[in-house]
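A.B. asks:
In the numbering used here, the protein residues as written are -8 to 54.
#1: Can we say the stretch 24 to 33 touches the stretch 43 to 52, given the rule of at least three CB pairs closer than 8 Å?
#2: Can you list, in chain order, the residues of its chain whose CB lies under 7 Å from that of residue -4, leaving out five sequence neighbours each side?
#3: Report all residues from its chain with a CB closer than 6 Å to the CB of residue 11; omit the five preceding and five following residues, and keep chain order.
#4: I believe residue 39 touches residue 1 by the beta-carbon criterion, under 8 Å. Please report the beta-carbon distance rounded to the nearest angstrom.
#5: Give the single residue among 30, -7, 4 whose Cα lies nearest to the Cα of residue 15.
Take a look at the structure:
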């Protein structure tokens, strides 16, 4: 489970980072799509970081 959650968190983190980069480079600041893109991909990034921090703090394997 630990490895599964780590891979899932890394997928969220990478997808969120790529989405934020794409949103901020290709869309005009202040447009509706820019705001929704930042909210959506920001949440993906925060969830990925939060899961990685949680796994780092409580890194015991449950058998």
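Where is the CB? At the ideal position from N, CA and C, for every residue including glycine. Everything numeric in this text was worked out from a predicted model, so none of it was measured.
C.D. replies: Quick answer:
#1: no
#2: 42, 46
#3: 32
#4: 7 Å
#5: 30
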